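In what follows, a single structure is set out as structure tokens and then discussed.
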Amino acid sequence: MPELPEIETIKNSLAINIGALITRIEVNRSDIIRRQDFPPEELYGQRITDISRRGKYLALSLGTDHHLVVHLGMSGRFYMQPESEAISAPHVHFIIHLDNSFKLLYQDPRRFGGIWLCHDTKKIFALMGVEPLSSQFNSGYLTKISQNRKVAIKTLLLNQQLISGIGNIYADESLFAAGIRGDRPAGSLTAAEIKRLHRAIVKVLKKSIEARGTTFRDFRDGFNQSGNFQKSLQVYGKDKQCCCVCGTVIKKEQIGGRSSHFCEHCQK
Ligand SMILES: [Zn+2]
0 MPELPEIETI KNSLAINIGA LITRIEVNRS DIIRRQDFPP EELYGQRITD ISRRGKYLAL
60 SLGTDHHLVV HLGMSGRFYM QPESEAISAP HVHFIIHLDN SFKLLYQDPR RFGGIWLCHD
120 TKKIFALMGV EPLSSQFNSG YLTKISQNRK VAIKTLLLNQ QLISGIGNIY ADESLFAAGI
180 RGDRPAGSLT AAEIKRLHRA IVKVLKKSIE ARGTTFRDFR DGFNQSGNFQ KSLQVYGKDK
240 QCCCVCGTVI KKEQIGGRSS HFCEHCQK
């Protein structure tokens with residue numbers, strides 16, 4: 000599933016479409032629209048004034064009261080293609096035609112994602128936790144949400160109502176970088192460990208954004224190109240391979256129902 004760095008990469012690559020005008024929208028599967036405050040036709044003739052990200056959501060704003068919010072679910076892609084080029088990809092459910100000779104395609108074979116047409120994004124984003132790359136996310140905040148909690152620290156990192164945008168890949172990578180096992184009760188982390196974990200999360204997310212995200216299978220950026228951070232992964236997807244730091248075989252176990260990768264030697 001695309002996480003914060005992947006959505007941030009799509010946002011950055013689609014920024015060249017800010018200012019473009021929507022000429023027409025094609026809806027090939029109406030069930031992909033999860034919320035509809037207004038019909039898609041209401042966007043015709045409106046200009047994209049901003050493209051932003053919140054957690055794992057991407058939002059195209061057309062002025063202040065029309066927003067098109069995209070979530071890619073497990074396997075979705077959202078990318079631009081020249082208007083002159085025919086669509087050959089399967090499972091393209093939603094197409095936004097622009098006046099800048101491009102069109103934006105929403106492609107999603109498994110359809111766990113969707114599109115929200117809304118007047119106000121606040122309702123959709125109301126329950127979302129802090130952005131991990133904002134100043135609100137600091138050691139103090141991480142201490143506050145971990146204190147006296149028995150839940151595994153990895154499960155806590157994945158809770159979108161506490162921190163938004165971290166998924167399985169970046170939780171595993173951050174915990175490895177911090178040298179902390181994901182199955183430790185959140186409340187057992189020392190002040191020094193919390194500090195290390197906070198730093199590791201920020202560093203891993205920023206490095207992945209620099210590398211244009213991780214392509215494991217499905218992720219493509221706004222130009223329909225793969226990311227590069229998969230080459231820098233240390234533990235995620237590396238079970239039975241050797242830890243690059245100590246040589247111990249990387250383990251894969253379930254934590255809170257999620258496949259988790261870690262080094263027993265490097266992570267305590
Ligand atoms: Zn190791």
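Take 0 as the starting number for the sequence shown in numbering that gives the first Met the number 0 and just add one per residue. Cβ atoms here follow ideal geometry from the backbone N, Cα and C, with glycine treated the same way. These numbers were taken from a predicted model, which means no experiment stands behind them.
### Query
Heavy atom of ligand 1 less than 7 Å from the Cβ of CYS262, yes or no?
Here the question's residue 262 lines up with position 263 in the sequence shown. Yes - ligand 1 has a heavy atom lying nearer than 7 Å to the Cβ of CYS262.
### Query
For ligand 1, is there a heavy atom less than 7 Å away from the beta-carbon of THR154?
Residue numbering aside, residue 154 sits at position 155 when the sequence shown is read from its first letter. Not under cutoff, so the answer is no.
### Message
Looking at the secondary structure, which residues open and close the alpha helix (DSSP H) in which GLY246 lies?
### Response
Taking the first residue of the sequence shown as position 1, residue 246 is located at position 247. Element bounds for GLY246: n/a, residue is neither H nor E.
### Query
For SER60, does the three-state DSSP call read helix, strand or coil?
Counting from 1 along the sequence shown, the entry for residue 60 is found at position 61. Three-state DSSP puts SER60 in a strand.
### Task
Indicate the three-state DSSP secondary structure (helix, strand or coil) for LEU188 in the structure shown.
The count along the sequence shown starts at 1 and reaches residue 188 at position 189. Coil, per DSSP.
### Query
Based on the DSSP secondary-structure assignment, which residues constitute the bridge partners of HIS66?
Residue numbering aside, residue 66 sits at position 67 when the sequence shown is read from its first letter. Under the DSSP definition of a beta bridge, HIS66 partners with SER60, CYS117.
### Query
Would you call HIS264 buried or exposed, if buried means 16 or more other Cβ atoms sit within 10 Å of its Cβ?
Here residue 264 corresponds to residue number 265 of the sequence shown, with the count starting at 1. Classification of HIS264: exposed, given that the 10 Å Cβ count is below 16.
### Query
For CYS242, is the beta carbon positioned less than 7 Å from some heavy atom of ligand 1?
By one-based count along the sequence shown, residue 242 stands at place 243. Because some heavy atom of ligand 1 lies under 7 Å away, the Cβ of CYS242 counts as near it: yes.
### Message
How far does the beta strand (DSSP E) with THR22 in it extend, from its first residue to its last?
### Response
Position 23 of the sequence shown, counting from 1, holds the residue named residue 22. That run of the beta strand (DSSP E) goes 21–26.
### Task
Could you pull the start and end residues of the alpha helix (DSSP H) that SER138 belongs to?
Here residue 138 refers to the residue found at position 139 when the sequence shown is read from its first residue. Looking at the DSSP string, the run of the alpha helix (DSSP H) that includes SER138 is 138–145.
### Task
Could you pull out every residue in the same chain whose Cβ sits closer than 6 Å to the Cβ of GLY112, ignoring the five residues on either side in sequence?
Locating residue 112 in the sequence shown gives position 113, counting from the first residue. Only HIS70, LEU71, GLY72, GLY75 meet the Cβ criterion.
### Task
Pull up the DSSP beta-bridge partners for GLN80, would you.
Taking the sequence shown and counting its residues from 1, one reaches residue 80 at position 81. GLN80 is bridged by DSSP to LYS102.
### Query
Rounded to whole angstroms, how far is the Cβ of SER258 from the Cβ of LYS251, which I believe are closer than 8 Å?
Reading the sequence shown from its first residue, position 259 is the one you call residue 258. Reading the sequence shown from its first residue, position 252 is the one you call residue 251. That pair is a contact at about 6 Å.
### Query
Which residue or residues does DSSP assign as beta-bridge partners of LEU97?
Counted from its first residue, the sequence shown places residue 97 at position 98. In DSSP, LEU97 forms a bridge with ILE21.
### Query
Does the beta carbon of ILE6 sit closer than 8 Å to a beta carbon anywhere in chain D?
Looking for chain D here will not work: only one protein chain is present.
### Task
On a CA-only basis, which of ARG219, ARG216, GLY164 is nearest VAL344? Give me that one, please.
Any property of residue 344 remains undetermined from this structure, which presents the chain solely from 0 to 267.
### Message
Nearer than 7 Å: is that true of the beta carbon of CYS265 relative to any heavy atom of ligand 1?
### Response
Residue mapping note: residue 265 aligns to position 266 of the sequence shown, counting from 1. Within the cutoff, so yes.
### Message
Measuring straight from C-alpha to C-alpha, what distance separates LYS230 and GLY44?
### Response
As a working mapping, residue 230 is identified with position 231 in the sequence shown. As a working mapping, residue 44 is identified with position 45 in the sequence shown. Whole-angstrom Cα-Cα distance: 42 Å.
### Query
Smallest Cα separation from GLY212: which of CYS117, LYS55, VAL26?
Translated into positions along the sequence shown, residue 212 becomes position 213. The shortest C-alpha to C-alpha distance from GLY212 to any of CYS117, LYS55, VAL26 is the one to LYS55.
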